[in-house]
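S.K.: Position one of the sequence shown corresponds to residue 1 (UniProt numbering), numbered consecutively onward.
I have a structure here, written as structure tokens, and I will follow up with some questions on it.
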Amino acid sequence: MKWCFHLFGGEEEEDEPKTRKPNSARTSGEPRQSGLESRGHSGPPNLHKRTSNLKVFTLLELKQITRNFSNSAKLGEGGFGCVFKGVIKSSEDPDKKIAVAIKQLGKQGQQGHKEWITEVDLLGVVDHPNLVKLIGYCAEDDERGIQRLLMYEYMPNGSVFDHLSRSTESLPWATRLRVALDAAHGLAYLHEEMDFQIIFRDFKSSNILLDEQWNAKLSDFGLARMGPQEGRTHVSTAVVGTMGYAAPEYVRTGHLTSMSDVWSYGVFLYELITGRRPLERNRPKKEQKLLEWIKPHLSDARKFEQILDPRLKAEGNHILKSAMKLSIVANRCLVRAAKTRPKMSEVAIMVNEVVEACSDSGRFAPPFKRNEPRRRDSTGTVARPTRPRTRKLVNTY
């Protein structure tokens with residue numbers, strides 16, 4: 001599939017030796033280091049030796065929580081596998097029950113297990129309000145082989161992708177701005193606020209979930225990698241991700257840096273502005289690729305209004321001005337020269353300025369309440385829009 005990112009000019013980083021292959025995945029219940037590389041160290045950090053508050057669940061416990069993984073408990077299905085809703089007792093207050101989401105690995109073989117290990121290793125040591133909290137995990141044999149499962153905090157308002165894909169009611173502009181700011185804070189934490197750097201590598205709207213208060217949290221870290229080791233400029237790795245989000249230099253060379261996430265974030269900002277997916281094959285040819293479609297409309301307000309999500313126009317003319325300010329931030333993230341893109345901490349400051357300007361206008365409405373019933377199919381599964389699939393990307397530059 002051909003990639004065309006002609007909006008901005010660019011450069012390429014110097015080459016470096018390929019990183020070592022990850023350790024072989026274990027089949028026991030305790031995950032090991034996932035072969036991730038680190039920043040600022042001569043070798044990778046030993047994540048599985050760090051303090052973790054994760055709880056180890058038995059398969060029997062998870063079957064009881066999900067009513068034997070019944071369709072009535074099924075929330076959805078993605079590239080990793082199926083996700084089920086359950087209820088457990090709070091570890092802080094045994095009399096209190098909390099809702100959880102349990103993800104069951106569907107992929108078979110080494111790759112699926114490696115992504116499972118990455119999530120356990122990573123989410124077991126990170127802690128930030130804009131990252132989905134991993135509560136525990138399970139790796140146990142049964143009659144079907146090794147069962148690998150992850151238990152997260154439940155995010156009742158679904159993903160940003162779910163809301164943007166609706167044909168009618170969607171996220172208000174105020175909520176979209178808050179989502180943009182929350183996501184920026186989450187990425188800034190991964191890139192800059194720990195003693196090792198994490199590159200998300202699959203940042204997209206379907207991996208941003210919304211809690212009960214509409215706070216946005218990054219999820220699905222199966223493809224995440226540690227940043228380059230000390231003295232290195234990038235990590236050389238297989239090119240994987242989702243069509244339309246991956247940075248062009250990463251697709252072209254396999255050189256992964258934190259700037260790859262910054263590019264993906266810029267694409268996401270235009271997704272918030274337009275309400276369109278980065279790649280939509282069912283549209284006219286000139287409108288299929290989001291970044292190509294918006295390019296002729298960025299020169300003035302009259303043209304820009306043509307790409308603004310029609311569902312936002314009812315909120316008033318001030319939305320256009322705010323969206324144009326956010327597009328300036330997006331353009332900074334989408335500079336072709338990766339080294340000249342801003343760090344995510346800088347991006348968060350710029351987005352916060354847009355949020356404050358909108359708030360000062362006196363029109364910063366709270367997010368709507370989601371009370372409408374969810375449609376279910378004949379199996380009882382919640383009907384959701386088709387999400388863009390994560391895949392290995394083909395170098396076509």
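Backbone N, C-alpha and C define an ideal beta-carbon position, used for all residues, glycine too.
Cβ of Ala-216 within 7 Å of Cβ of Val-267?
M.R.: Contact flag unset, no.
S.K.: Buried or exposed: Val-64, going by 16 or more other Cβ atoms within 10 Å of its Cβ?
M.R.: Just to set this straight, residue 64 is Gln in the shown sequence, not Val. Gln-64 comes out exposed.
S.K.: Count the CB pairs spanning the stretch 336-351 and the stretch 304-314 that are closer than 8 Å, and state whether there are at least three.
M.R.: No contact exists between the stretch 336-351 and the stretch 304-314.
S.K.: Helix or strand or just coil, what does DSSP make of Val-251?
M.R.: Helix at Val-251.
S.K.: In its own chain, which residues sit with a C-beta less than 7 Å from the C-beta of Gln-288, not counting the 5 before and 5 after it?
M.R.: Correct list, in chain order: Leu-279, Glu-280, Arg-281.
S.K.: I need the boundaries of the beta strand (DSSP E) containing Ile-102, first residue and last residue.
M.R.: Segment 97-105, the beta strand (DSSP E) holding Ile-102.
S.K.: Determine the direct distance from the alpha carbon of Trp-116 to that of Leu-223, and round the result to whole angstroms.
M.R.: Computed Cα separation, rounded: 9 Å.
S.K.: Would you list, in sequence order, the uninterrupted beta strand (DSSP E) runs of no fewer than 3 residues that lie entirely inside the stretch 212-281?
M.R.: Counting whole runs of 3 or more residues, the stretch 212-281 contains the beta strand (DSSP E) stretches 216-218, 240-242.
S.K.: Can you tell me which of the three DSSP states Met-151 falls into?
M.R.: Residue state, collapsed to three classes: strand.
S.K.: Find the nearest neighbour of Glu-230 within the set Leu-59, Asp-195, Ala-348, Phe-161, judged by alpha-carbon distance.
M.R.: Of the candidates Leu-59, Asp-195, Ala-348, Phe-161, the one whose C-alpha sits nearest the C-alpha of Glu-230 is Asp-195.
S.K.: Which whole-angstrom value describes the C-beta separation of Tyr-265 and Cys-358, a residue pair presumed to lie in contact below a C-beta threshold of 8 Å?
M.R.: Contact flag wrong, Cβ pair sits at about 19 Å.
S.K.: Ignore the nearest five residues each way along the sequence and tell me which others in Thr-257's own chain have a CB closer than 6 Å to its CB.
M.R.: Within the same chain, Thr-257 has close Cβ partners His-234.
S.K.: Quick check: what's the CA-CA separation for Thr-58 versus Lys-133?
M.R.: Roughly 19 Å separates the two Cα atoms.
S.K.: Pick helix, strand or coil for Glu-140, following the three-state DSSP scheme.
M.R.: Strand at Glu-140.
S.K.: Put Gln-33 into one of helix, strand or coil per three-state DSSP.
M.R.: The predicted position of Gln-33 is uncertain, since its pLDDT is 39 and thus under 50; a value taken from the coordinates is nonetheless stated next. Coil at Gln-33, not helix or strand.
S.K.: Taking DSSP's pairing of strands, which residues face Cys-82 in a bridge?
M.R.: Paired residue(s): Glu-77, Gln-104.
S.K.: Suppose only complete runs of 4+ residues qualify. What are the alpha helix (DSSP H) ranges in the stretch 164-197, listed by chain order?
M.R.: For the stretch 164-197, whole alpha helix (DSSP H) runs of length 4 or above, ordered along the chain, are 173-192.
S.K.: Can you pull the DSSP bridge partners for Ile-146?
M.R.: DSSP lists Asp-141 as partners of Ile-146.
S.K.: Exposed or buried, what is residue 421 when buried is set at 16 or more other beta-carbons lying within 10 Å of its beta-carbon?
M.R.: The shown model of the chain, from 1 to 397, leaves out residue 421, and the question about it has no answer.
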